[in-house]
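Here is the structure we will look at.
There are 2 protein chains.
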Amino acid sequence: MLRRLLAVLMLVCSAPSAAPTPQPAEIIAYRQSLFRVIRWNVGYLVEMASGRAEWNAADFARRAARVAALSRQLDEAFVPGSDSGALTDAKPEIWTDPEDFAGRLRDFQAQARALARVARGDDIDAAKAEFGKTMRTCKACHDRYRAE
Amino acid sequence: MLRRLLAVLMLVCSAPSAAPTPQPAEIIAYRQSLFRVIRWNVGYLVEMASGRAEWNAADFARRAARVAALSRQLDEAFVPGSDSGALTDAKPEIWTDPEDFAGRLRDFQAQARALARVARGDDIDAAKAEFGKTMRTCKACHDRYRAE
Numbered sequence: 456m457l458r459r460l461l462a463v464l465m466l467v468c469s470a471p472s473a474a475p476t477p478q479p480a481e482i483i484a485y486r487q488s489l490f491r492v493i494r495w496n497v498g499y500l501v502e503m504a505s506g507r508a509e510w511n512a513a514d515f516a517r518r519a520a521r522v523a524a525l526s527r528q529l530d531e532a533f534v535p536g537s538d539s540g541a542l543t544d545a546k547p548e549i550w551t552d553p554e555d556f557a558g559r560l561r562d563f564q565a566q567a568r569a570l571a572r573v574a575r576g577d578d579i580d581a582a583k584a585e586f587g588k589t590m591r592t593c594k595a596c597h598d599r600y601r602a603e
Numbered sequence: 456m457l458r459r460l461l462a463v464l465m466l467v468c469s470a471p472s473a474a475p476t477p478q479p480a481e482i483i484a485y486r487q488s489l490f491r492v493i494r495w496n497v498g499y500l501v502e503m504a505s506g507r508a509e510w511n512a513a514d515f516a517r518r519a520a521r522v523a524a525l526s527r528q529l530d531e532a533f534v535p536g537s538d539s540g541a542l543t544d545a546k547p548e549i550w551t552d553p554e555d556f557a558g559r560l561r562d563f564q565a566q567a568r569a570l571a572r573v574a575r576g577d578d579i580d581a582a583k584a585e586f587g588k589t590m591r592t593c594k595a596c597h598d599r600y601r602a603e
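Residue numbers (my numbering), protein chains in the order written: chain A, 456 to 603; chain F, 456 to 603.
Here you go:
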């Protein structure tokens with residue numbers, strides 16, 4: 456419980472001591488940029504995992520590591536107040552049910568880390584399986600918190 | 456089964472646009488997103504290095520590591536053909552003088568890596584000095600290759 460509360464607070468108070476205080480529109484632009492950079496790399500993972508592109512173990516591992524690192528930066532991307540101020544697909548429920556949202560974000564981060572770890576090995580099927588699991592953590596959050 | 460799952464996931468995570476042959480407009484959007492995510496983190500580094508925000512060694516090191524990692528992703532952000540197709544500040548000289556451009560990009564990447572390394576230590580002045588050097592590698596490229 457305390458751990459969950461702390462996780463929410465961390466998400467909410469994401470601007471650390473070193474904060475410039477970004478405006479909502481800047482936070483939204485940052486959020487969208489971050490997702491775009493994640494998606495860019497996920498796109499290559501999808502191609503390899505689906506067999507449409509040749510499997511390249513080093514590239515798969517490198518991009519999985521990127522996604523894991525980038526996922527952590529989402530901690531700063533949903534600051535309260537950034538529900539409006541620019542066009543955004545982020546639904547208000549993110550801020551009205553922050554504990555659930557924080558949990559789903561943590562699931563994605565943990566799963567992306569697991570993917571990055573497995574991707575460093577040489578078990579392609581295991582890497583594909585972890586990738587599938589990672590994509591399901593994307594979906595679990597998007598289904599509820601991203602507008603169409 | 457895996458194939459079906461991936462087909463669904465591709466729809467869900469709207470990922471495939473980036474791979475394998477992104478269109479110029481997508482590359483430009485990726486490039487701008489990457490720079491925005493870099494700038495977000497650099498903003499905090501500037502605040503700490505300038506003394507406007509309290510020095511937080513862990514946060515400085517974390518953001519320096521991010522900038523170093525993100526700088527490597529710029530390797531994919533200036534694909535030939537991405538000089539037009541959407542609004543961009545990237546000047547044509549990037550593609551007409553690719554060797555010079557690549558050299559300046561490498562300088563930034565190497566310096567960002569050096570910054571990340573020094574930032575893991577406990578010498579604040581050294582970290583600030585490396586940060587200054589890193590910012591100069593940004594400027595060296597922007598002065599020549601970024602339109603106002």
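The C-beta atom is built at its ideal place from N, Cα and C for all residues, glycine as well. Everything numeric in this text was worked out from a predicted model, so none of it was measured.
Residue j beta carbon less than 8 Å from that of residue i
| i | j | result |
| --- | --- | --- |
| alanine 567/A | threonine 589/A | yes |
| alanine 523/A | lysine 583/A | no |
| serine 488/F | arginine 486/A | no |
| arginine 552/A | threonine 592/A | Just to set this straight, residue 552/A is aspartate in the shown sequence, not arginine. No, the pair does not count as a contact, with Cβ atoms beyond the cut-off. |
| glutamine 500/A | phenylalanine 586/A | For the sequence presented, residue 500/A should be read as leucine rather than glutamine. Cβ distance < 8 Å, so leucine 500/A and phenylalanine 586/A count as in contact. |
Chain A residues whose Cβ lies nearer than 7 Å to that of residue i
| i | result |
| --- | --- |
| serine 488/F | Ser488, Arg491 and Val492 |
Where residue i meets chain A, residues with beta-carbon distance less than 8 Å
| i | result |
| --- | --- |
| tyrosine 485/F | Arg491, Val492 and Trp495 |
6 Å Cβ shell around residue i - same chain, five flanking residues per side excluded
| i | result |
| --- | --- |
| glycine 536/A | Pro479 |
| alanine 571/F | Ala519, Ala520 and Ala523 |
| alanine 473/F | Because alanine 473/F carries a pLDDT of 43, less than 50, the predicted location of this residue cannot be relied on, and the following value inherits that uncertainty. Hits under 6 Å: none found. |
| glutamate 502/A | Ala508 |
| alanine 516/F | Ala574 and Arg575 |
Beta-bridge pairing of residue i - partner residues as DSSP gives them
| i | result |
| --- | --- |
| arginine 601/F | Ala545/F |
Per-residue contacts from residue i into chain F (C-beta, under 8 Å)
| i | result |
| --- | --- |
| arginine 521/A | Ala524 and Gln528 |
Nonlocal neighbours in the same chain, by C-beta distance under 7 Å from residue i, ignoring five residues either side
| i | result |
| --- | --- |
| serine 539/F | Pro479 |
| glutamine 564/A | Ser526 and Arg527 |
| alanine 581/A | Val573 |
| leucine 457/A | Because the pLDDT of leucine 457/A is 49, which lies under 50, any placement of that residue in the model is unreliable, and the number read from its coordinates should be weighed accordingly. Correct list: empty, nothing qualifies. |
| valine 497/F | Val522 |
| tryptophan 550/F | Pro535 and Asp538 |
Expected contact under 8 Å - CB spacing of residue i and residue j to nearest Å
| i | j | result |
| --- | --- | --- |
| arginine 559/A | alanine 595/A | 6 Å |
| aspartate 530/F | arginine 601/F | Actually they do not touch by this definition, with Cβ atoms about 17 Å apart. |
| alanine 541/A | isoleucine 483/A | 4 Å |
| tryptophan 510/A | isoleucine 579/A | 6 Å |
8 Å Cβ shell around residue i - same chain, five flanking residues per side excluded
| i | result |
| --- | --- |
| proline 547/F | Asp538 |
| aspartate 577/A | Ala512 |
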